[in-house]
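Just so you know, the sequences run in chain order A and B. Just so you know, we're using this note's numbering here: the first sequence kicks off at 25 and counts up by one. Just so you know, we're using this note's numbering here: the second sequence kicks off at 25 and counts up by one.
2 protein chains.
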Amino acid sequence: MTVADKIRTIAADARAASYAMARLSSAEKNALLVDMAGALEERTSHLLAENARDLEAAEKKGISTAMLDRLMLNGERIGSMADGLREVAALPDPVGEVTRMWKRPNGLMVGKMRIPLGVIGIIYEARPNVTADAAALCLKAGNSVILRGGSEAINSNVAISGILRDVMEKAGIPAGALSVIPFVDRQGVLEMLKQDEFIDLIIPRGGESLIRFVVEHSKIPVIKHYKGVCHVFVDATADFDKAENIIINSKTQRPGVCNALETLLIHREAAERFVPRIFSVLSGLGVEIRGDEAFRRFAPEAKTATEEDWYEEFLDLVLAVRVVDGLDEAIEHINRYGSLHTESIVTSDYGNAQRFIREVNSGVVLVNASTRFSDGNQLGLGAEIGISTTKLHSYGPMGLEDLTTTKFIVYGEGQVRE
Amino acid sequence: MTVADKIRTIAADARAASYAMARLSSAEKNALLVDMAGALEERTSHLLAENARDLEAAEKKGISTAMLDRLMLNGERIGSMADGLREVAALPDPVGEVTRMWKRPNGLMVGKMRIPLGVIGIIYEARPNVTADAAALCLKAGNSVILRGGSEAINSNVAISGILRDVMEKAGIPAGALSVIPFVDRQGVLEMLKQDEFIDLIIPRGGESLIRFVVEHSKIPVIKHYKGVCHVFVDATADFDKAENIIINSKTQRPGVCNALETLLIHREAAERFVPRIFSVLSGLGVEIRGDEAFRRFAPEAKTATEEDWYEEFLDLVLAVRVVDGLDEAIEHINRYGSLHTESIVTSDYGNAQRFIREVNSGVVLVNASTRFSDGNQLGLGAEIGISTTKLHSYGPMGLEDLTTTKFIVYGEGQVRE
């Protein structure tokens, strides 16, 4: 069997299994996830042995220590993976929810009911725990899932999915509902992206180059975000203590992630008082500041920002700062340079807070809060399968509901159309 | 300027105008639509003159009478077009609706707010009234719209959009928010489908070949349906009078549309009593019946159905009929041959009604009602911009809400992440 044939078979099996997945009750799905958690813990030694093969190969390839750490499993990490499955089991089941129902003049009762999307493909990089996490969310939402992890983790991923599939088979659920693509080169990804007959949605998780590769080659709809150029706007009336806390938290709590602050906008009227203060505190925390001319008037030691800096996702302790004339210019800047990810205003002005909420159309728009809250768990979705900066289907952090769609249901009593 | 440059400019202008569109209040949008309606009526003679040019060219090309009729405008049709705009003005504005809001343990108030998608491209065929209808729905939902109608209607479409743009300019709204692609060949469509930087969604409306062409070439997400192979399943316990009414209405009220019945499934236990009756009444109405062997046992004069008939969208007074062993086989048939459009069960059995609603995952699933209700207006959406048989973003008939997305909004008081 060629790679193409094998992947087509995996995809067709996933489609066939998706009908059985869609019919499972919440109780059946939850029991499945809890049993999967137990099985992962029971088979720790097998998982560690398979993971050791990946680690050995990675070391031979001279992979970085950081990468090796992301690849490594141990008892504690396997326990966390199992607990993750139990947490997904505990989440409410979105499938079957009737989100609205109304009555038509002819007596028809019309509603919208949540149903699974069908078959979801996840393409990701090094961490093997994503295999269990992503599978759990897709299955909980009644979908089949096809996973294609990083080539470095192939033995770990096949071992994890093998354990999960064993549990499914014991429960009488077709194991085709959960597959790992067992090919480590790009051809495996390319063949997967051609299966639009069987796969409903692709979610790529990883660096911008992986995501661009997926978008470029996919015949299947892709939900993705390329980058997070997140903004905080400090309004003239901002409470400077709050502003300082929010900026420090947004920039430094975890600078390497997509919801970290990248560009700070400061109202001209606040500049004289706020610029020296924020420059001093951020510099003290090791943040490199690149300011525009107006910023540097009050913080001459700051580096000079270039036009490119406004587009940049630094993912590091670097911050671009610009002084703006007011809310209009702040919104213009965000529309022009932003990535539709996350923006926050710090203000005491009611009208400006409401205008910012209404007029800034990024996936997450906050008032007086850290950009770091732009996360499925932090926002209360219970989990996060990814984040979308494109507006179709899902926008912003994605939870279980984003792995479903709604159909129309109609209860009649013999009605026909006039 | 080349065609490519011109279309890129149209798309870029639409994107730029979309920010202004998104900020308009409901009152401003409604006033705009009402003014547009008045302007179309006032300029009837201009519209008729431009339409006459299209009609003349079409006649020279030897176009069919049916096509000429679809192309033709007259005072009454212009009046209907204007009334259509007034009806859209009267619909509730989806933009700004907060669909849900909840409080997090740290006090953050998190909600989801409806916002416009941005820029929507509509690609359609002959009828010039679609130009006004589709534009109105896109604008009402706060979007910019780019229209590419059939080449036969180009003068009518340019005239209609010109009148609507004049009204926008008078109201101080950038006219780039509404454009007609003025090129009549396929290159115009192809260039439009490349503008993924500026256009968020393409909705093609027309025959299957147009839609396949658009899907094949689009870099922009497309929401579409290829065909409607709609089913009615007559259960063993069906009320035969209701079943007969529903089948007649579904099949014959308007056989050429996508929500017309194409395949009838009959429970084996109902076959002996129901088959002769439904065969006789449908034959009397001029419907050609193609039955399987079990059907023909009780209606030997029926033609024989082939395997291809189960996939067929006849769009005519032709019906495929099959006798099935029960609900399971009916659902299997629908999953295998269906088009995810619309399915109805006729039954008196509570359990089977609920199972059909739960387990059949087409865009519209009905109990004891005609498939002809699968329509945005009939279901109560107030309007219909299209219909989707793919599950991402929208599924089933699409109304104003489907031209929006939701962003997260967060009201804080200085919260930062632990």
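Here a beta-carbon is modelled for each residue, glycine too, at the ideal position from N, C-alpha and C. Since we're looking at a predicted model, the values are computed, not measured.
Simplified DSSP state of residue i, which is helix, strand or coil
i      : result
A:P300 : helix
B:A153 : Residue 153 of chain B is actually Asn in this sequence, not Ala. Correct three-state label for B:N153: helix.
B:F222 : coil
B:N392 : strand
A:S49  : coil
B:H241 : helix
B:H291 : strand
A:S274 : helix
A:E312 : strand
B:Y43  : helix
B:E437 : strand
Rounded C-alpha distance that separates residue i from residue j
i      : j      : result
A:D78  : A:A63  : 21 Å
B:N199 : B:L71  : Note that residue 199 of chain B is Ala in the sequence shown, not Asn. Rounded to whole angstroms, B:A199 to B:L71 spans 19 Å at the Cα level.
A:K136 : A:G186 : 36 Å
B:L56  : A:L424 : 39 Å
A:F303 : B:E383 : 60 Å
A:Y419 : A:I247 : 9 Å
A:R174 : A:V239 : The sequence as given places Gly at residue 174 of chain A; Arg does not occur at that position. If I take the Cα positions, the gap works out to 17 Å.
B:E353 : A:A44  : 15 Å
B:V311 : B:L339 : 12 Å
A:I170 : B:L92  : 50 Å
A:G362 : A:G252 : 8 Å
A:R128 : B:K266 : 19 Å
A:R189 : A:L427 : 21 Å
A:A393 : B:P118 : 27 Å
A:G86  : A:E80  : 10 Å
A:A333 : A:G120 : The sequence given here has Asp at residue 333 of chain A, not Ala. Each residue's alpha carbon lies about 47 Å from the other.
A:G142 : A:G166 : 8 Å
B:L97  : A:E149 : 58 Å
B:I197 : B:A40  : 11 Å
Contact set between residue i and chain A, taken where Cβ atoms lie within less than 7 Å
i      : result
B:Y148 : Here the premise fails: no neighbours, minimum Cβ distance about 20 Å.
B:I34  : Chain A residues near B:I34: none, gap ~20 Å exceeds 7 Å.
B:Q219 : Simply none; closest approach about 15 Å.
B:E383 : R47
B:L225 : L416
B:T430 : Y419
B:S386 : K431
B:K266 : G438
Proximal residues of chain A, C-beta to C-beta of residue i below 9 Å
i      : result
B:R236 : Chain A residues near B:R236: none, gap ~13 Å exceeds 9 Å.
B:I270 : G436, G438, Q439, V440
Contacts that residue i makes with chain B (C-beta to C-beta distance below 7 Å)
i      : result
A:E437 : N392
A:P245 : P245, L416
A:D117 : Near A:D117 there are no residues of chain B at all, since even the closest Cβ is about 13 Å away, more than 7 Å.
A:L132 : A393, F397
A:R128 : G404
A:I433 : I381, V389
A:N273 : V440, R441
Nearest-angstrom beta carbon gap, residue j and residue i [assumed within contact, 8 Å]
i      : j      : result
A:E286 : A:E336 : 7 Å
B:F380 : B:V388 : No, B:F380 and B:V388 are not in contact; Cβ-Cβ is about 12 Å, not under 8 Å.
B:L416 : A:T330 : Their Cβ separation, rounded to whole angstroms, is 39 Å, which puts B:L416 and A:T330 out of contact at 8 Å.
A:A61  : A:A106 : 4 Å
B:A82  : B:L95  : 6 Å
B:G108 : B:A51  : At roughly 20 Å, the Cβ-Cβ gap does not stay under 8 Å, so B:G108 and B:A51 are not in contact.
A:V112 : A:A407 : 6 Å
Amino acids of chain B, ordered along the chain, whose beta-carbon sits closer than 9 Å to that of residue i
i      : result
A:N359 : Y43
A:Q443 : Any property of residue 443 of chain A remains undetermined from this structure, which presents chain A solely from 25 to 442.
A:G120 : R382
Proximity to residue i [Cα-Cα], best of the options
i      : options                        : result
A:I271 : A:G406, A:F397, A:L109         : A:F397
B:L445 : B:V27, B:N385, B:A35           : Residue 445 of chain B lies beyond the stretch modelled for chain B, which goes from 25 to 442, so this question has no answer here.
A:A344 : A:L288, A:E356, A:S307         : A:L288
B:V342 : B:P421, B:C254, B:V122         : B:C254
A:N54  : A:L161, A:D37, A:E100          : A:L161
B:R32  : B:A260, B:L217, B:S386         : B:L217
A:F322 : A:A114, A:N130, A:I355, A:R301 : A:R301
B:R297 : B:S412, B:M25, B:D373, B:A260  : B:A260
B:I369 : B:V299, B:S386, B:F257, B:R441 : B:F257
Partner residues on chain A for residue i, Cβ-Cβ distance less than 8 Å
i      : result
B:L141 : K415, L416
B:D78  : Under the 8 Å cutoff, chain A gives no residues; its nearest Cβ is about 32 Å from B:D78.
Short CB-CB distance (under 8 Å) between residue i and chain C
i      : result
A:D352 : You won't find chain C in this structure, because its protein chains are A and B.
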